[in-house]
Amino acid sequence: MTAQVLDGKKLAQSVRLGLKQKIAAFPQAPGLAVIIAGNNPASEIYVRSKEKACRETGIIPYTYRLPADTSADELLSLIQKLNASPEINGILVQLPLPAHLDTTQILGAVTPEKDVDGFHPLNAGLVVQKQAGAFLPCTPKGIIRLLRQTGKDLNGLNAVVVGRSQIVGLPAAHLLLNENCTVTVAHSRTRGLASLCRSADILVAAVGKPEFITRDFIKPGAIIIDVGINRTPDGLKGDVCFSEAIETASYITPVPGGVGPMTIAMLLENTCEAFLKQHRP
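Under my numbering, the first residue of the sequence shown carries the number 6, and numbering increases by one thereafter.
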């Protein structure tokens, strides 16, 4: 068996084209504020990718590059101004923040109506309660779109999410539950992890370790979603050993070109939704 590759780049391009056409009919361009504190090279790459994607779609990016020693008060003051600005429809705080800043406090300061990353406690709670109107976190939202591309009925499938972060693992588990999957959340210290993963019809790898998931973890015919982006001497690697997984799975996302492009596409989609909500008659 050779798995079909789920092309996140192609799907993301389709999403972005649809958004571009929709935004062209808006009375004004949506605005996305991106805040980056410090000089993390990886964060800078991500921010530039988001800026480029915004411009290509018709969204105006407003980027605020702050020094690493920015105080919490300074950052909170900026967020308050952006919350009140009619030009700004979405606010994104690029993670990780410098160690002296409280990430929970900073993310919680973004008004839920502009929380296009879906990290505010209110939006996170609405997702858990299956309430409409919440901004879904971008990576988990992209994962569900990729799964739907397979054309498979997700109802009743066993899903294992390896990784328990508030950004990917836990919200992905909730969204999979909303698709009527039977979900297990595991992590690198879960006992019998390989055996557990072999029970999965859907395996989401978000553990942050290059090629951690080998063929021994994969049920024949499973759908593999690789969230990992790990920089190694041999280039970018996912959390899944692609060369082994592609021989065992039915579908797999590549790294790069899988989940990453969809994360950015979902950010643009959330920003578009925020604009529409804020301009309802």
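Ideal Cβ positions, reconstructed from N, Cα and C, are used throughout, including at glycine.
Run through DSSP, which three-state label would residue i get?
i: Ile40; result: strand
i: Lys242; result: strand
i: Arg53; result: helix
i: Thr237; result: strand
i: Ile172; result: coil
i: Ile251; result: coil
i: Ile218; result: strand
i: Lys224; result: coil
i: Thr268; result: helix
i: Arg150; result: helix
i: Pro261; result: coil
i: Lys157; result: coil
i: Ala177; result: helix
i: Gly23; result: helix
i: Pro142; result: coil
i: Leu87; result: helix
i: Gln283; result: helix
i: Asp78; result: helix
i: Pro200; result: The displayed chain sequence assigns Ser, not Pro, to residue 200. Ser200: helix per DSSP, three-state reduction.
i: Leu106; result: coil
i: Glu92; result: coil
Alpha carbon to alpha carbon, what distance is there between residue j and residue i?
i: His125; j: Met6; result: 42 Å
i: Pro117; j: Phe31; result: 22 Å
i: Ala114; j: Leu81; result: 7 Å
i: Tyr51; j: Ile207; result: 27 Å
i: Phe217; j: Cys246; result: 7 Å
i: Asn275; j: Gln154; result: 20 Å
i: Thr144; j: Pro286; result: 31 Å
i: Thr1; j: Lys86; result: In this structure the chain extends from 6 to 286, so residue 1 is not present and cannot be described.
i: Asp122; j: Ala270; result: 12 Å
i: Pro215; j: Ala139; result: 32 Å
i: Leu22; j: Gly63; result: 10 Å
i: Arg70; j: Ala38; result: 11 Å
i: Ile96; j: Val260; result: 27 Å
i: Ala210; j: Lys55; result: 23 Å
i: Asn88; j: Asp120; result: 10 Å
i: Ala58; j: Val264; result: 15 Å
i: Arg236; j: Gly262; result: 15 Å
i: Ala77; j: Ile40; result: 13 Å
Pick from the options: whose alpha carbon is nearest that of residue i?
i: Tyr67; options: Asp78, Ser76, Val98, Glu79; result: Val98
i: Ser204; options: Val212, Pro215, Gln171, Val190; result: Val190
i: Leu83; options: Leu112, Glu61, Ala58; result: Leu112
i: Gln136; options: Asn183, Gly156, Thr253; result: Asn183
i: Ala279; options: Pro176, Asp107, Gly23, Ile93; result: Ile93
i: Gly13; options: Leu272, Leu162, Gly147; result: Gly147
i: Ile228; options: Ile64, Val165, Leu272, Ala77; result: Val165
i: Ser193; options: Asp244, Ile230, Lys86, Arg53; result: Asp244
i: Gly226; options: Ile251, Asn235, Val209; result: Ile251
i: Ser48; options: Val264, Val10, Ile234, Gly156; result: Ile234
i: Thr75; options: Asp107, Glu249, Val212; result: Asp107
i: Phe222; options: Pro142, Gln18, Gly197, Gln171; result: Gly197
Please name the residue or residues paired with residue i in a DSSP beta bridge.
i: Thr187; result: Asn163
i: Leu97; result: Val39
i: Gln9; result: Tyr256
i: Ala210; result: Val167, Asp231
i: Pro66; result: Leu37
i: Leu71; result: Ala42
Just checking: is the beta-carbon of residue i within a distance shorter than 8 Å of some beta-carbon in chain C?
i: Lys25; result: No chain C appears in this structure, which consists of one protein chain only.
Cβ pair count under 8 Å reaching 3, the stretch 129-138 against the stretch 91-110: no
Cβ pair count under 8 Å reaching 3, the stretch 270-286 against the stretch 243-259: no
Three CB pairs or more closer than 8 Å across the stretch 156-173 and the stretch 22-38: no
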